[in-house]
Ligand code: NDP
C-alpha cells in the first residue's frame with residue numbers, strides 16, 4: 034500500500050503546492066488507507082508548464098518510438114498486476130478478482146492497443162481534384178487534459194492517456210479523488226518505462242479544485258472527460274467559450290432487451306452480468322431490463338434467483354461477486370434511489386437494502402455494501418427509470434413486440450449502450466438500427482473491439498473514443514492546397 038499519494042509532475046512525485054492533503058478510504062472497511070495530495074490551480078499550472086516543455090520533443094518523436102514506450106509501460110503494468118489489482122480493490126471496494134481479471138489487464142491492453150494503432154495509423158491524407166492538390170496534415174494538438182472517474186479507475190485512465198500519448202500529445206491527467214492510487218503508480222511506472230519527464234503528469238485531488246483547474250487552464254486546449262452528465266455540462270460551460278476541443282463520455286440508463294426467442298439461459302446470465310458487474314457502477318450497465326411479455330414471468334423469476342445467488346462480501350476473498358460500493362456517500366445515494374422506487378410504487382423483488390452485518394466477515398462490517406436489487410412494476414417515465422442510479426439496482430418490465438421494445442428502450446435522455454437478446458439475427462440488426470444508442474450489443478454485453486467508436490448519443494456525451502477516432506481527436510488538422 035501507499036501511505037501518501039503524491040502528484041506526479043515533471044517526472045517526479047510532488048506534494049500539493051499548498052501542502053493540503055485529504056484521506057483515502059477503503060470503502061469496504063471504512064478505514065483510512067492513505068493521505069492524498071489535494072491539489073489546486075498551482076499544481077495544475079506546474080503540470081501544464083512541465084507538459085508544455087516536454088511537448089516539442091515528444092510530438093516530434095516518430096510514432097513507433099512513442100509506441101515502444103507505451104508497450105514498455107503495458108509490460109510493467111502486467112508485471113505489477115497483483116500490486117495494482119490490490120490497490121484498485123482497496124481504493125474502490127471492487128472484488129480483487131475483478132480487478133485482477135478485468136481492470137488491470139484491460140489497462141495494459143489499452144496501452145498496447147494504442148501503441149499498435151498509432152504504428153498503423155496514417156494521419157496525413159493526399160487529395161486531388163482536376164485543378165488542385167491537397168495535403169491534410171494532422172499534428173499533435175498540444176497538452177491534453179484527461180479527467181477520469183472512480184468506477185474503472187486505471188482502465189479508464191489509460192483509455193484516455195494512451196491515445197493522447199500515442200498521438201503525440203503530452204498529458205495532464207486527473208483520476209478521481211476516490212480512487213487515486215493506481216494512477217499514482219502509473220506515473221512512477223512511466224518513468225521506469227523511459228517516458229521523458231513532463232510527458233505524463235498526474236495531478237491528484239478534488240474534481241472541483243484540480244479537475245476544474247485543468248478545464249480552465251488556457252494552456253490545455255484539449256479536454257477528454259469521463260464522468261457524470263452534470264459535471265460534463267459544467268465542463269462545457271467553461272471550455273466552450275475558450276473554444277477547447279472537448280470529448281465527454283457521460284452517464285447511461287441502458288436497456289437490456291430480451292425477446293421471447295432468445296437463448297434463455299444466455300439472456301438471463303447476460304442480463305445479470307450487465308446489471309450488476311462492478312456493483313452496477315459501470316456507465317454501460319443494463320439497468321432497465323425489458324422482456325417480451327410471453328417470457329416475462331419466467332425470465333423475471335430466473336433473473337431474480339440468479340441475482341439472489343450473487344455473493345456480497347469481502348472484496349479480497351475469492352468467490353465474492355459483489356464488493357463494496359465506492360463510498361458511504363454513494364451508498365446513501367443508492368439507498369435514496371431505492372426509497373424513491375418504493376415511493377413510486379415499485380415492488381422490490383430482491384435486495385433493497387444493505388446486507389445483514391452478520392452475513393459479512395468482521396473485517397468489512399463497516400463497508401459501503403448494498404444488496405443487488407431488482408424492482409418491478411414501474412412505468413418507463415418515472416424517476417427510477419429515468420435517473421441514473423449507478424449502483425446495483427435494476428428494474429424489470431414487460432413489452433409487446435419490437436415497436437414497443439424500441440419505444441421503451443429509447444424513452445431516455447441518455448443514449449449510451451443497449452443490449453438485445455434474440456436468436457433472430459435480422460431482428461437484432463433491425464433493433465440496432467432503431468435504437469438511439471451509441472453502442473448496441475446483440476447477444477452480448479461489454480464485448481469490446483477497441484477499434485470501434487465508443488460513446489453515446491443525447492446526454493450520454495459528445496464525441497467518440499476508441500481506435501482512430503481517439504487518435505484523430507488528439508490532433509489538429511491542417512489543409513495545405515496548391
Ligand atoms: P463525476 O462527474 O463526479 O467525476 C468524474 C471525474 O471528474 C472525477 O475525476 C472528478 O473528480 C472530476 N470532476 C468533478 N467535478 C469536476 C469539475 N467541476 N471539473 C472537472 N472535473 C471534475 O463522476 P463520478 O466520478 O461520480 O463517476 C460516475 C459518473 O461517471 C456516472 O454518472 C457514470 O455514468 C459516469 N461514467 C461514464 C462513463 C462513460 O464512458 N460514458 C464511464 C464511467 C462513468 P473527483 O471524483 O475527485 O471529484
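Residue numbers (this note's numbering): 34 to 515. Beta carbons: idealized from backbone N, C-alpha and C, even for Gly.
Among 219, 400, 492, which one has its Cα closest to the Cα of residue 390?
Taking the first residue of the chain shown as position 1, residue 390 is located at position 357. Here the closest residue by C-alpha is 400.
Starting from residue 487, follow its DSSP beta bridges and name the residues at the other end.
Locating residue 487 in the chain shown gives position 454, where the first residue counts as 1. According to DSSP, residue 487 shares a beta bridge with 498.
Boundaries (first-last residue) of the beta strand (DSSP E) holding residue 364:
The residue labelled residue 364 in the question sits at position 331 within the chain shown. Here residue 364 belongs to no beta strand (DSSP E); instead the alpha helix (DSSP H) covers 361-376.
N- and C-terminal bounds of the beta strand (DSSP E) containing residue 47:
Counted from its first residue, the chain shown places residue 47 at position 14. First-last of the beta strand (DSSP E) with residue 47: 45-47.
According to the neighbour-count rule (16 or more other Cβ atoms, all chains shown, within 10 Å of its Cβ), is residue 223 buried or exposed?
Looking up residue 223 in the chain shown gives position 190. When all chains shown are included, residue 223 counts as buried.
Compare the Cα-Cα distances from residue 112 to each of 254, 252, 479, 226 and report the closest residue.
Translated into the one-based positions of the chain shown, residue 112 becomes position 79. When 254, 252, 479, 226 are compared, the shortest CA-CA separation from residue 112 is found for 226.
Within the present structure, is the beta-carbon of residue 368 separated from the nearest heavy atom of ligand 1 by less than 7 Å?
Translated into positions along the chain shown, residue 368 becomes position 335. Outside the cutoff, so no.
Can you tell me whether residue 182 is helix, strand or coil according to DSSP?
Against the chain shown, residue 182 aligns to sequence position 149. When DSSP states are grouped into helix, strand and coil, residue 182 belongs to the coil group.
If you measure from the CB of residue 182, is any heavy atom of ligand 1 nearer than 7 Å?
Locating residue 182 in the chain shown gives position 149, counting from the first residue. Yes; taking the cut-off as 7 Å, the Cβ of residue 182 has a heavy atom of ligand 1 nearer than that.
Exposed or buried, which one is residue 363 when buried takes at least 16 other CB atoms within 10 Å?
If you number the chain shown from 1, residue 363 lands on position 330. When all chains shown are included, residue 363 counts as buried.
Which ranges does the beta strand (DSSP E) cover as unbroken runs of at least 3 residues, wholly within the stretch 145-214, from first to last along the chain?
For the stretch 145-214, whole beta strand (DSSP E) runs of length 3 or above, ordered along the chain, are 158-161, 166-173, 176-180, 203-207.
The stretch 163-170 touching the stretch 459-471, judged by at least three CB pairs closer than 8 Å
Contact between the stretch 163-170 and the stretch 459-471 is not established, with fewer than three Cβ pairs separated by less than 8 Å.
What I want to know is whether the C-beta of residue 264 ends up closer than 7 Å to one or more non-hydrogen atoms of ligand 1.
As a working mapping, residue 264 is identified with position 231 in the chain shown. Residue 264 has its Cβ nearer than 7 Å to a heavy atom of ligand 1.
Given this structure, state the Cα-to-Cα distance separating residue 63 from residue 361, to the nearest angstrom.
Translated into the one-based positions of the chain shown, residue 63 becomes position 30. Translated into the one-based positions of the chain shown, residue 361 becomes position 328. Taking the straight line from one Cα to the other gives about 8 Å.
Between the stretch 415-427 and the stretch 264-274, do at least 3 Cβ pairs fall closer than 8 Å?
Between the stretch 415-427 and the stretch 264-274, the count of C-beta pairs closer than 8 Å stays below three; the two stretches do not touch.
In terms of DSSP beta bridges, what is residue 454 paired with?
Residue numbering aside, residue 454 sits at position 421 when the chain shown is read from its first letter. Answer is 291, bridged to residue 454.
From which residue to which residue does the beta strand (DSSP E) around residue 478 run?
By 1-based counting over the chain shown, the position of residue 478 is 445. In the DSSP annotation of this structure, residue 478 is not part of any beta strand (DSSP E), being labelled neither H nor E.
Along the chain, which unbroken stretches of the beta strand (DSSP E) at least 3 residues long are found entirely within the stretch 212-240?
Correct list: 233-235.
Simplified DSSP assignment, three categories, for residue 36
Along the chain shown, one-based indexing puts residue 36 at 3. Under the three-state reduction of DSSP, residue 36 is assigned to coil, being neither helix nor strand.
When 263, 395, 220 are compared against residue 349, the one with the closest alpha-carbon
Taking the first residue of the chain shown as 1, we reach residue 349 at position 316. Of the listed residues, the one whose Cα sits closest to residue 349 is 395.
Between residue 189 and residue 144, is the Cβ-Cβ spacing less than 8 Å?
On the chain shown, position 156 is the one that residue 189 refers to. On the chain shown, position 111 is the one that residue 144 refers to. Taking 8 Å as the Cβ cut-off, residue 189 and residue 144 do not qualify as a contacting pair.
Is residue 207 close to ligand 1? I mean its beta-carbon at under 7 Å from any heavy atom of the ligand.
On the chain shown, position 174 is the one that residue 207 refers to. Because some heavy atom of ligand 1 lies under 7 Å away, the Cβ of residue 207 counts as near it: yes.
On the DSSP letters alone, give me the boundaries of the beta strand (DSSP E) that residue 28 sits inside.
Past the boundaries of the shown model lies residue 28; the chain is included only from 34 to 515, so the question cannot be answered.
Among 512, 510, 503, the one whose alpha carbon lies nearest that of residue 151
Residue mapping note: residue 151 aligns to position 118 of the chain shown, counting from 1. Closest option to residue 151, Cα to Cα, is 503.
Residues in its own chain within less than 6 Å of residue 49 by CB, not counting five upstream and five downstream?
Stepping through the chain shown from its first residue, residue 49 is reached at position 16. The answer, listed in chain order, is 70, 71, 72, 76.
By how many angstroms is the C-alpha of residue 397 removed from the C-alpha of residue 54?
Working through the chain shown from its first residue, we reach residue 54 at position 21. Working through the chain shown from its first residue, we reach residue 397 at position 364. Each residue's Cα considered, the two are about 25 Å apart.
State whether the stretch 308-325 contacts the stretch 458-465, with contact taken as three or more CB pairs (one from each stretch) at a distance under 8 Å.
With the cut-off at 8 Å, the stretch 308-325 and the stretch 458-465 do not touch.
Same chain only: Cβ atoms within 6 Å of residue 100, ignoring 5 sequence neighbours per side
Translated into positions along the chain shown, residue 100 becomes position 67. Result list for residue 100: 148, 151, 152, in chain order.
In chain order, which beta strand (DSSP E) runs of at least 3 residues are fully inside the stretch 374-437?
Here the runs fully enclosed are 380-383, 406-409, 426-432.
Rounded to whole angstroms, what's the CA-CA distance from residue 180 to residue 131? Just pull it up for me.
Translated into the one-based positions of the chain shown, residue 180 becomes position 147. Translated into the one-based positions of the chain shown, residue 131 becomes position 98. Taking the straight line joining both Cα atoms gives about 23 Å.
Is residue 249 helix, strand or coil by DSSP?
The count along the chain shown starts at 1 and reaches residue 249 at position 216. Here residue 249 sits in helix by DSSP.
Expressed to the nearest angstrom, what Euclidean distance is found between the alpha-carbon atoms of residue 440 and residue 121?
As a first step, residue 440 must be located in the chain shown, where it is residue number 407. As a first step, residue 121 must be located in the chain shown, where it is residue number 88. The straight-line gap from Cα to Cα measures roughly 39 Å.
Under the criterion of a Cβ to heavy atom distance below 7 Å, does residue 446 qualify as lining ligand 1?
Numbered from 1 along the chain shown, position 413 holds the residue referred to as residue 446. No; taking the cut-off as 7 Å, the Cβ of residue 446 has no heavy atom of ligand 1 nearer than that.
Residue 87: beta carbon under 7 Å from a heavy atom of ligand 1?
In the chain shown, the residue the question calls residue 87 occupies position 54. Every heavy atom of ligand 1 is 7 Å or more from the Cβ of residue 87, so no.
In terms of residues, what are the limits of the alpha helix (DSSP H) holding residue 299?
Mapped onto the chain shown, residue 299 falls at position 266. Its alpha helix (DSSP H) spans residues 297-309.
CA-CA distance, residue 209 and residue 429?
Translated into positions along the chain shown, residue 209 becomes position 176. Translated into positions along the chain shown, residue 429 becomes position 396. Taking the straight line joining both Cα atoms gives about 32 Å.
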